[in-house]
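Following: one structure in C-alpha cells, then a few remarks.
Numbering (my numbering), first residue to last: 8 to 347.
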C-alpha cells in the first residue's frame, strides 16, 4: 500500500467509527463482558477521542508531513505488546507502525482483544491489502521480529528487556500524571480536572494521580466541583477500592479530604491507588520546578493553567485527549520506526 492509501484507510475507519453502528456496539459489549473496567461509556469515550484527535484529515496530514516517509522502505516486523489499562490505549502505536509502512505483530491482551482487530477487519472491507500489515499471534515470534514496542509496569519491563533487549526497542515503564494548582482555578477548570482524574476510573498513565497545591490550599471548592463525578462510585470494582482505601486511612489515622468518590491525601508519591489522589504542598514555583525535574522520568503529562519553565502543560480536562504528537514517555515513536 502507498502512504496515501494507508492514510485513506485510517480516514475511512474514522468515518465508520463516527457512525457507531450495531456491529461496533456488539464488539464493545463483548469487551465489557470480558473486562468490567472497560465500560460501554469509557470505550466510546476513547473512540471519540481517537476520531477527534487522530482520524481527521487535517490533523492526520499535518502529522504525516512532519516526517520523511519513503514509499520504498522495506517492511519490517514490529512486535507490539500493548498496555491494557484503558480502552484502545495502544491505537497510537498501531497507527504509527502502519503509517511508517511496517507490519504490526501484536500480542493481544485478554482484557482488550475484540475491538481493535475489528477495526482492522473493517478497513479490510475497503482496503484488502490491509491484511498484510497486521497479525495477532498467540505468541510473539521473537526470531522473526525487527523491533519491539512493549508497555508495562516497572517489574514487567525487566522481563521485556531480558526477552527483547537484543532488538531495537521502545520499552515503557510506570508513569503517572500530575496537576499543578495555583489556587485561582475557576469552578469550570476544577470541574474539568475531575475528568482528568476520573475518566477510565483513573487507570491510565495520563490520569491525574497527584496534585501540587499552594500551602494552606482550601480543598472545598475542588471537592464541590468534583461532585459531578460521583457516579464513578456506582462501579462495583471502583467502590471496593474506595471503601478499602478509606478504611486504611482511618485505621492509620491519616488526614484526608473526601469528595464522596475521590480521596485526597498527602504523599510525596506521584502514583496513587484507585480512588485516591495524592497531594503535596508548595510555597514557591521554584520548589515545583525542582521537584518535577527530579521526577521527570515518572511523569507522563502535567495539567495546569500555570506556565512552568521548560515544561509542556495540558489544559484542564484534556489529559486523556492526546494529539498525534503526544508520544508516550516523550519518545517519538515515528522517528524510531522510520530509522529502522
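Ideal placement from N, C-alpha and C gives every residue a C-beta, glycine not left out.
Note that the coordinates shown come from a computational prediction; the quantities given were computed from them, not determined experimentally.
Item, Value
"Extent of the continuous beta strand (DSSP E) run through residue 221", "215–221"
"Inter-residue CB distance, residue 184 and residue 215 (contact presumed, cutoff 8 Å)", "5 Å"
"8 Å contact criterion, which residue 85 and residue 153 should meet: CB distance rounded", "7 Å"
"Whole-angstrom distance between residue 281 and residue 67, CA atom to CA atom", "34 Å"
"Which residues DSSP lists as bridging residue 246, in chain order", "DSSP, once it has assigned bridges, lists no residue as partnering residue 246."
"Segment contact flag, the segment 317–328 with the segment 203–211, C-beta cutoff 8 Å, min 3 pairs", "yes"
"Range covered by the beta strand (DSSP E) that runs through residue 187", "183–187"
"Contact set for residue 119: own chain, Cβ-Cβ below 6 Å, skip 5 residues either direction", "91"
"The beta strand (DSSP E) enclosing residue 84, as first and last residue numbers", "84–88"
"Proximity below 8 Å, CB of residue 329 to CB of residue 213", "yes"
"Three-way DSSP call (helix, strand, coil) for residue 142 in this model", "strand"
"Alpha helix (DSSP H) segment containing residue 170, residue limits", "161–171"
"Contacting residues, own chain, Cβ-Cβ under 6 Å from residue 199 (five flanking each side not counted)", "323 and 324"
"Own chain partners of residue 93 with C-beta closer than 6 Å, once the 5 adjacent residues on each side are dropped", "207, 210 and 211"
"Alpha carbon of residue 49 to alpha carbon of residue 242, nearest angstrom", "12 Å"
"Cβ-Cβ distance between residue 157 and residue 171 below 8 Å", "yes"
"Burial state of residue 307, where buried means 16 or more other Cβ atoms lie within 10 Å", "buried"
"Cβ-based burial, residue 327 [other Cβ within 10 Å; buried from 16]", "buried"
"Rounded C-alpha distance that separates residue 147 from residue 87", "9 Å"
"For residue 175, the residue or residues it bridges with in DSSP", "154"
"DSSP bridge partner residues for residue 275 (one or two, in chain order)", "In DSSP, residue 275 forms no bridge with anything."
"Contact the segment 96–116 vs the segment 229–236: 3+ CB pairs below 8 Å", "no"
"Same chain only: Cβ atoms within 8 Å of residue 3, ignoring 5 sequence neighbours per side", "Outside the displayed range of the chain (8 to 347) lies residue 3, so it cannot be described from this structure."
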